[in-house]
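Comments concern the structure below.
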Amino acid sequence: MSVVSAEGVHFDAEISLLIVGAGASGLVAALAARDAGVEVVVLERDLVPSGSTALSSGMIPACETRIQQENNVTDSVQIMAADIIKKARGDTDPSMVDVMCRNSGPAIDWLTEHHGLDLTLVEGFLYPGHSQLRMHAPPSRSGADLMRGLVSAAERAEIDILGGAHVTQIFADAEACIKGVKITRPDDTTELIGCSALILACNGFGGNANMLRTHIPDMRDALYFGHPGNQGDAITWGQSLGGATQHLGSYQGHGSVAHPHGILISWALMMEGGVQINREGVRFSNELDGYSEQARRVLSQPGGIAWNLFDGRLRDLVSGFEDFKQAEAHGAVLKAGTVEELGAKINVPLTELRATLDRINHLASTGEKDEFDRDFTTSSTLIPPYYAVKVTGSLFHTQGGLKVDSNARIVTEEGGVLPNLFASGGAACGVSGPEDWGYLSGNGLLSAVALGRVAGQSAAKLVGK
Ligand SMILES: Cc1cc2nc3c(=O)[nH]c(=O)nc-3n(C[C@H](O)[C@H](O)[C@H](O)COP(=O)(O)OP(=O)(O)OC[C@H]3O[C@@H](n4cnc5c(N)ncnc54)[C@H](O)[C@@H]3O)c2cc1C
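First residue of the sequence shown? That's 1265 in my numbering, and the numbers climb one at a time after it.
Spelled out as structure tokens, the structure:
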């Protein structure tokens, strides 16, 4: 994954704008550039585009959208920005938070109204740290459906997505101006494609064990739940060209992946009254802090696992989620009519389990806070039948990346910008601060969609000159 001199290189073809990666970020950027009348080709290493986007729940946070208006949700750029900054404990760039929030609503309106994406407001619960209902997702709450919608929109816009096109080299001149790329095909043949601008939309380094060892050693052995093709290429190329990086130790973890099934179990269960216990039958944290930081907490429990505990009311809340349906179909969700049956099924000591249930039901009925500072005011008591899922903590995606400006141009170590190189989505530094606790739900697709659109528009402006 190198950057080499473009001097004397003859390209097989010339395209105005090339985009590396056909996840949400690359496809949104392509749609924006195409709308601006620019010739664009998306280069994707997989034969069929999927990326981490297809593995996600497809939930895109956005404010001031028409969908929110239709549902009488009062939200604003300021309210959303304040939520993001609070979750990151103030340790994030407020100007980039503003860029993402300000562009989020227009991006969702444009995708739904102009490009035919089917997105609805996620109702019924708020994710940790969100003060308003602002998650927009396909009705199935499935990232695979989000990808299907984006790929169809790209086809309608006559955008070429070149599958099996692994970008393995970038060519630049002495001023770090990108002249083109080398793609390697599945049969190892190569092609050289020239361009006037390049967008890096190839996500972060969750799939690269060496980079994880260097930047996020705590999670180097954790299950990586994202797309394996995300090898940190954007960061490698950006750094070689003098681009600055930020918060490389930041990531989104998740403390609720069914084990050993490897299926995401929605955090809505915790937000509405569910709890996590360890295999000794004891709670160990405030689940409402957020699912990202919970990955590390679950991994530090005996055996690196926990049990999600909930009841029939909560099961009904998530029963429409595609992931949950899969979890039930694979036998990951256990049901018990009594505490005794539950204890036997999940093999935790009955005395501790009973004490834990009594305690949380007491907290839920009185609305008191517990020793972890969890507020039970909005929780109901858990009543039989009980449900339990064994879960572990995992790494979803990295949040650090290339530093970009408000036009998604890559900022250099000296504080300038690279001439014609842009980054968005997981390739760019997110707004979650330096560690795992700063991730507000949806910060991943926020950068892919809101910043992806900015990258497409800015690159189109540059090559349209
Ligand atoms: C299980 C799970 C659930 C999630 N749920 C949510 C959610 O509900 N909401 C949310 O906001 N975020 C969620 N996330 C995070 C979200 O999926 C990512 O932040 C987002 O998809 C990033 O989009 P992207 O376009 O940057 O990357 P991707 O979708 O990963 O796309 C990058 C693409 O680049 C390709 N690529 C990489 N290197 C090269 C190369 N050298 N040449 C050519 N192609 C290359 C890859 O193959 C890939 O297709 C979730 C993540 C996971 C793992």
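All C-beta atoms, glycine included, are put in the ideal place defined by N, C-alpha and C.
Look at F1660: its beta carbon is less than 6 Å from one of the heavy atoms in ligand 1. Listed in chain order, the non-local C-beta contacts of S1711 below 8 Å within the same chain comprise S1289, M1364, S1688, G1689, G1690, A1692, G1694, V1695, local neighbours out to five positions each way being set aside. Judged by DSSP secondary structure, T1662 falls outside any alpha helix (DSSP H) and instead within the beta strand (DSSP E) spanning 1650 to 1662.
Spatial neighbours of G1490 in its own chain (CB-CB distance under 6 Å, excluding positions within 5 residues in sequence) are listed in chain order as S1316, G1470, F1660, H1661. In the DSSP assignment, S1289 falls within the unbroken alpha helix (DSSP H) covering 1288 to 1299. With a 10 Å radius around the Cβ and a threshold of 16 neighbouring Cβ atoms, E1699 comes out buried. For secondary structure counted as the beta strand (DSSP E) over 3 or more consecutive residues, the region 1301 to 1360 holds these complete runs in sequence order: 1304 to 1307. Cβ-Cβ distances below 6 Å link H1518 to Y1555, A1559, S1658, F1660 in the same chain, with the five nearest sequence neighbours on each side left out; the list follows chain order. Proximity of the region 1329 to 1338 to the region 1417 to 1425 falls short of the contact definition, fewer than three beta-carbon pairs being nearer than 8 Å.
Scanning D1382, P1325, V1386, G1380 for the CA closest to the CA of V1361 turns up P1325. Boundaries around E1455 are those of the beta strand (DSSP E), 1454 to 1464, since no alpha helix (DSSP H) includes it. In the DSSP assignment, N1684 falls within the unbroken beta strand (DSSP E) covering 1681 to 1687. Of all alpha-carbon atoms in V1713, G1537, S1705, A1723, the one lying nearest the alpha-carbon of V1386 is that of S1705.
For I1348, same chain residues with a beta-carbon under 6 Å away, outside a window of 5 residues either side, are V1361, V1695, L1704 in chain order. Contact check for V1304 against L1281 passes: the beta carbons are separated by less than 7 Å. Set against 6 Å, the gap from the CB of A1712 to the closest heavy atom of ligand 1 is smaller. Looking at the DSSP output, K1446 sits in a beta bridge with Q1433, L1456. In summary, F1686 is buried, with 16 or more beta-carbon neighbours lying within 10 Å of its beta-carbon over all protein chains present.
Non-local beta-carbon contacts of R1579 in its own chain, meaning distances under 7 Å to residues more than five positions away in sequence, involve Y1651 in chain order.
Distance from the CA atom of G1708 to the CA atom of M1475, rounded to whole angstroms, is 19 Å.
Exclusion of M1475 from the 6 Å shell around ligand 1 follows from its C-beta lying no nearer than that to any non-hydrogen atom of the ligand.
Contact annotation: the region 1427 to 1444 does not touch the region 1409 to 1418, with fewer than three C-beta pairs closer than 8 Å.
Under the DSSP assignment, R1560 falls in the alpha helix (DSSP H) whose first and last residues are 1555 to 1563.
The bridge partners DSSP lists for L1528 are V1521. Non-local C-beta neighbours of A1672 in its own chain, meaning closer than 6 Å and more than five positions away in sequence, comprise F1686, S1688, L1715, V1718, A1719, S1722, ordered along the chain.
Contact between the region 1493 to 1502 and the region 1306 to 1323 is present: three or more C-beta pairs spanning the two stretches fall below 8 Å. Shortest gap from the CB of V1695 to any heavy atom of ligand 1: 6 Å or more. When DSSP states are grouped into helix, strand and coil, F1588 belongs to the helix group.
A1438 counts as exposed, since fewer than 16 other C-beta atoms from the protein chains shown sit within 10 angstroms of its C-beta. Each residue's CA atom was taken as its position, placing D1639 and I1624 some 11 Å apart. Using a cutoff of 6 Å, the CB of C1365 does not count as near ligand 1, since none of the ligand's heavy atoms is closer than that.
Distance from R1543 to I1569 at the Cβ level is roughly 7 Å; contact confirmed, criterion being Cβ atoms closer than 8 Å. Of the candidates F1574, L1505, I1499, S1514, the residue whose Cα lies closest to the Cα of S1530 is F1574. Under the DSSP definition of a beta bridge, N1572 partners with Q1540, V1653. Annotated three-state conformation of G1388 is coil, per DSSP. When beta bridges are read from the DSSP output, R1547 appears opposite I1541.
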